[in-house]
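> This is the structure, below, for whatever I ask next.
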Amino acid sequence: MLKPETLRERRKRELRQQLSDTATVMFLERGFDAVRVADVARACGVTEKTVFNHFGSKEELLADRWDTHVDALGARLAEAEPLDAALEVLGEELDFLVASARRHGWEEIRRFGELVRTTPALVAHHRAARDRLTEAAVQALATRAGTTPDDPVVRITAAAVTGLWNVYALSLQRHLPKGAARAAREVRADLARAADALRRGL
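No gaps in the numbering here: position 114 of the sequence shown is 123 in this note's numbering, and each next residue is one more.
Quick look at the structure:
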């Protein structure tokens, strides 16, 4: 049973969300490079140090879902079949995206994706985050198999599993113009096809 959230934890979570939401709006309006962390802090009525207490970098203000992916994939790989574990995590991320689109509009989701793809610092951040996701998968798979992280089977399995994140990103980019509901269906179908190819051993 999950422990109830304390008042301190709730306030911390709410401030983190406020910082991320405010930064996202500012980045979309002005461009990522034109907005400083100090600008986001000022807009939220906090210090720059407070922002960095919640986010390790400026890039994380916008791309703040990677920690969720790393934790969720690691936990699921401890029990579920690797591809099923990855599809579950990506399915939840797609649900989160569709819910965000309902709140903010699909056009904002499209602009968000365009900002990430056209900003070198964000592209680099996403690549580094995917590498971190792969290493987390390596550790989880090695522990489950009772082997070491340098086991070649563990390494190639982790690379294949987290390769689904590339499929997800490219599929989402391709299908975004079709609207939230149809895009979600198409992305799920692409992920299922990719996973089936891996299950068949390519």
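We treat Cβ as the ideally placed atom computed from N, Cα and C, and that holds for glycine.
Can you list, in chain order, the residues of its chain with a C-beta nearer than 6 Å to that of D73? Leave out the 5 residues immediately preceding and following it.
Taking the sequence shown and counting its residues from 1, the one referred to as residue 73 is at position 64. Answer for D73: S29, listed in chain order.
> Can the beta-carbon of L173 be found less than 8 Å from the beta-carbon of A204?
Along the sequence shown, read from residue 1 onward, the residue named residue 173 stands at position 164. Along the sequence shown, read from residue 1 onward, the residue named residue 204 stands at position 195. It is a contact, given that the beta carbons lie within the stated cut-off.
> Could you give the residue range of the alpha helix (DSSP H) that holds T9?
The first residue shown for the chain is 10 and the last is 211, placing residue 9 beyond what the model contains.
> For V125, I'd like the list of residues in its chain whose CB is within less than 6 Å of its CB, leaving aside the five on either flank, ordered along the chain.
Mapped onto the sequence shown, residue 125 falls at position 116. Hits under 6 Å: L131.
> Just reading off the alpha helix (DSSP H) that T152 is part of, what are its end residues?
Taking the sequence shown and counting its residues from 1, the one referred to as residue 152 is at position 143. From DSSP, the alpha helix (DSSP H) with T152 extends over 129-154.
> Is it right to say A47 is buried, meaning 16 or more other beta carbons lie within 10 angstroms of its own, or is it exposed?
Sequence index remark: in the sequence shown, residue 47 carries index 38 (1-based). A47 should be labelled exposed.
> Should A146 go down as buried or exposed, given a rule of 16 or more other Cβ atoms within 10 Å for buried?
Translated into positions along the sequence shown, residue 146 becomes position 137. Result: buried.
> Determine the closest residue to L86 out of R202, L185, G188, Q148, with distance taken between C-alpha atoms.
Walking along the sequence shown from the start, residue 86 turns up at place 77. Per the Cα distances, Q148.
> Are the beta-carbon atoms belonging to T5 and T152 less than 8 Å from one another?
Residue 5 is absent from the structure shown; the chain starts at 10 and stops at 211.
> May I ask you to report which of helix, strand or coil DSSP gives W90?
Looking up residue 90 in the sequence shown gives position 81. Per the sequence shown, the amino acid found at residue 90 is Glu instead of Trp. If DSSP states are grouped into helix, strand and coil, E90 belongs with coil.
> Could you check if V49 is buried or exposed, using at least 16 other CB atoms within 10 Å of its CB as the buried criterion?
Within the sequence shown, the letter at position 40 stands for residue 49. Result: buried.
> Do you know how far the Cα of L96 is from the Cα of A201?
The residue you call residue 201 lines up with position 192 of the sequence shown. The residue you call residue 96 lines up with position 87 of the sequence shown. Straight-line Cα distance between these residues: approximately 8 Å.
> State the DSSP-derived secondary structure class of E101, mapped to helix, strand or coil.
Along the sequence shown, read from residue 1 onward, the residue named residue 101 stands at position 92. Helix at E101.
> Kindly give me the distance between the Cβ atoms of H113 and E68, rounded to whole angstroms, as I take these residues to be in contact under 8 Å.
As a working note, residue 113 is residue 104 in the sequence shown. As a working note, residue 68 is residue 59 in the sequence shown. Not confirmed; about 20 Å, so no contact.
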